[in-house]
Amino acid sequence: MNSAEFTTFDELAQSEMRRVAIISSLGTLIEWYDFFIFGTMSSTTASLFYKTGNPYGDLIAWLGAFAVGFMFRPFGAFLFGYIGDKVGRKSTFLITLSMMGASTFLVGCLPTYDTIGVTAGFLLILLRIIQGLSVGGEYGGAAAFICENCPQDQRGFYTSFLQMTAKLGISLSLLAIIVFKLSLGDTAWLQYGWRFPFLVSIFLVGLSIYVRFNLKESPMFMEAKRQGGVVGNPLVEAICLPYNLYYMFVALAAVMGQGITFQTANFYALTFLQSTIKVPQMTSYIIMLIALLGTIPFQILFGWMSDKVGRKPMILTGVALSAFFLYPLFYGVYACRPFEKNDPKQPFRESYDPVLICFYLWILNVFGAAAYAPMAAFLVELFPTGIRYTCVSIPYHIGNGIFGGLVPVVAVSISTATRNVFGGLFYPIGVCSFGFFTTLLFAPETLGRDIRKIKKGSAARLSGVDDRIGYTELQRRSGFVSAS
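Next comes the structure, spelled out in structure tokens:
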């Protein structure tokens, strides 16, 4: 074998890495589409499944069902994190993807309240639980899989494609709604058209399973398995060993700040547009879609920047800017609403300003992208291979799932109870601030860590050794590249 062939991250390995990143991210994109289509459809479907006698009551009930999926994400993290660290990354996220596709498809098949009464709402919650379990097992596996297949000095860049899938998933769900609603018209959309965005999921998931099936298992996991590095009970080791537990709490704090920002900038913002300032549904979908698509290039940029300046500065900057500007940006959005003719305190304005609204939401999403882009690399670089799937999944889905996922229902409930349109922002601003200061004081900088050398139960040491040599050797042993 030519020694130069496998001592650098050569063309073949780079080509394989791009393939791994794209295919892994594609599956996660479909998972996010399935998970988030539930939230983006809230204003259309709330009154179809819940009849409280009050439009806000219907909306809160639907957002409560939406939140149930987030609440069950940590349970999926426990379950599939364990399986992923015992059996492997690839097999586990094939299972989670299949579960997500089936449950989303079945949402599109459900009879509504008018047909089966309150049972419709209960069945909806059951399927939402399956969605939560599924997405809880997806992210940690995809993050570990990509990081374990890429060189040390490009983890932020490659995992930024994975991070990008969340915004793409929301964008795809918005696009599906726009296309089907415009094609069918308002009447047909409310009668049966709302089902199509859920039903098409089965085809998207089928495509993703097909392309993921051809991926090989993570070479780093296979090497750990060969050397006896797969632990007997990853969940017990993750929770019971002080070092692992400490860094899971550190990771949780970082994710809380980021997750709150993400959910507020997207789902609460959409609810705010439609329910508070009464922007027409279609217009609000288009505004959000443009704001999200305009953010995606920044995900890649910020991921690349984290490979240069570090994970921690990027996360702290994004969370701090979000916490500081949440209120001013939402105030700006609210100020763009049409004014009432009989309000003597302000000049009459007959319509809202969609361009300015879009700009404010784009700014908020850019701030969130700075925190979100390096998060996968940061989490993976904290934990050893044998328990990485578990340790990445649990804090991510508690922070992003529970604390972040509760934003729409908590914020709408607070605003309704206080009769203050901005009252709901106290929750995300408070959690964001907590996440910032905890991360600032306790989180380590993980840039430069050789994740192959993180030992179980002991603090990972920073290493200046380039792990690309190890990467290509692991690729060779696992069959990605062959010795010659």
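All residue numbers for the sequence shown refer to our numbering, where the first residue is 4 and numbers rise by one.
Glycine residues also receive a C-beta, built at the ideal position from the N, C-alpha and C atoms.
Range of the contiguous alpha helix (DSSP H) that encloses residue i
i           : result
residue 305 : 299 to 312
residue 240 : 237 to 243
residue 184 : 158 to 187
residue 134 : 122 to 150
residue 394 : 391 to 399
residue 366 : 357 to 375
residue 379 : 378 to 383
residue 278 : Note, residue 278: premise wrong, no alpha helix (DSSP H); not H, not E.
residue 210 : 204 to 216
residue 116 : 116 to 119
Between the CA atoms of residue j and residue i - distance to the nearest angstrom
i           : j           : result
residue 49  : residue 304 : 37 Å
residue 281 : residue 408 : 23 Å
residue 465 : residue 203 : Because residue 465 sits at a pLDDT of 36, beneath the cut-off of 50, its placement in the model cannot be relied upon, and the point is left open.
residue 442 : residue 317 : 11 Å
residue 122 : residue 186 : 31 Å
residue 93  : residue 356 : 47 Å
residue 43  : residue 456 : 42 Å
residue 340 : residue 96  : 44 Å
residue 491 : residue 39  : Beyond the ends of the chain as shown, which are 4 and 487, falls residue 491; an answer cannot be given.
residue 66  : residue 261 : 20 Å
residue 265 : residue 371 : 6 Å
residue 334 : residue 422 : 15 Å
residue 87  : residue 102 : 15 Å
residue 145 : residue 380 : 11 Å
residue 206 : residue 162 : 25 Å
residue 99  : residue 131 : 14 Å
residue 368 : residue 89  : 36 Å
residue 429 : residue 59  : 20 Å
residue 288 : residue 361 : 11 Å
residue 387 : residue 141 : 19 Å
residue 396 : residue 70  : 18 Å
residue 311 : residue 156 : 8 Å
residue 321 : residue 449 : 17 Å
residue 24  : residue 118 : 44 Å
residue 364 : residue 251 : 31 Å
residue 184 : residue 286 : 12 Å
residue 463 : residue 296 : Confidence in residue 463 is poor, its pLDDT being 42 and thus under 50, which makes the residue's placement unreliable; the coordinate value appears in the next sentence. Whole-angstrom Cα-Cα distance: 37 Å.
residue 2   : residue 194 : This structure cannot settle anything about residue 2, because the visible part of the chain is limited to 4 through 487.
residue 327 : residue 431 : 11 Å
residue 399 : residue 80  : 9 Å
residue 109 : residue 245 : 42 Å
residue 52  : residue 129 : 13 Å
residue 151 : residue 72  : 29 Å
residue 237 : residue 82  : 10 Å
residue 41  : residue 406 : 18 Å
residue 196 : residue 454 : 48 Å
residue 208 : residue 127 : 20 Å
residue 106 : residue 21  : 30 Å
residue 315 : residue 248 : 19 Å
residue 188 : residue 277 : 19 Å
residue 331 : residue 394 : 36 Å
residue 149 : residue 385 : 15 Å
residue 68  : residue 319 : 31 Å
Supposed contact pair residue j and residue i - C-beta distance, whole angstroms, cut 8 Å
i           : j           : result
residue 392 : residue 84  : 5 Å
residue 240 : residue 137 : Contact flag wrong, Cβ pair sits at about 24 Å.
residue 176 : residue 36  : 5 Å
residue 402 : residue 258 : 3 Å
residue 181 : residue 269 : No, residue 181 and residue 269 are not in contact; Cβ-Cβ is about 16 Å, not under 8 Å.
residue 116 : residue 54  : 5 Å
residue 256 : residue 433 : 13 Å between Cβ atoms; not a contact.
residue 534 : residue 435 : Coverage of the chain is limited to positions 4 through 487, which leaves residue 534 absent and any answer about it impossible.
residue 267 : residue 410 : 5 Å
residue 26  : residue 218 : 6 Å
residue 415 : residue 404 : So it is not a contact: roughly 18 Å between Cβ atoms.
residue 159 : residue 76  : Wrong, their Cβ atoms sit about 24 Å apart, outside the cutoff.
residue 374 : residue 309 : So it is not a contact: roughly 10 Å between Cβ atoms.
residue 292 : residue 178 : 6 Å
* Sequence ranges, alpha helix (DSSP H) only - wholly within the segment 23 to 111, length at least 4 -> 45 to 52, 58 to 74, 76 to 89, 92 to 110
* To do: Ignoring anything shorter than 4 residues or poking outside the segment 397 to 435, list the alpha helix (DSSP H) runs there in chain order.
  => 410 to 421
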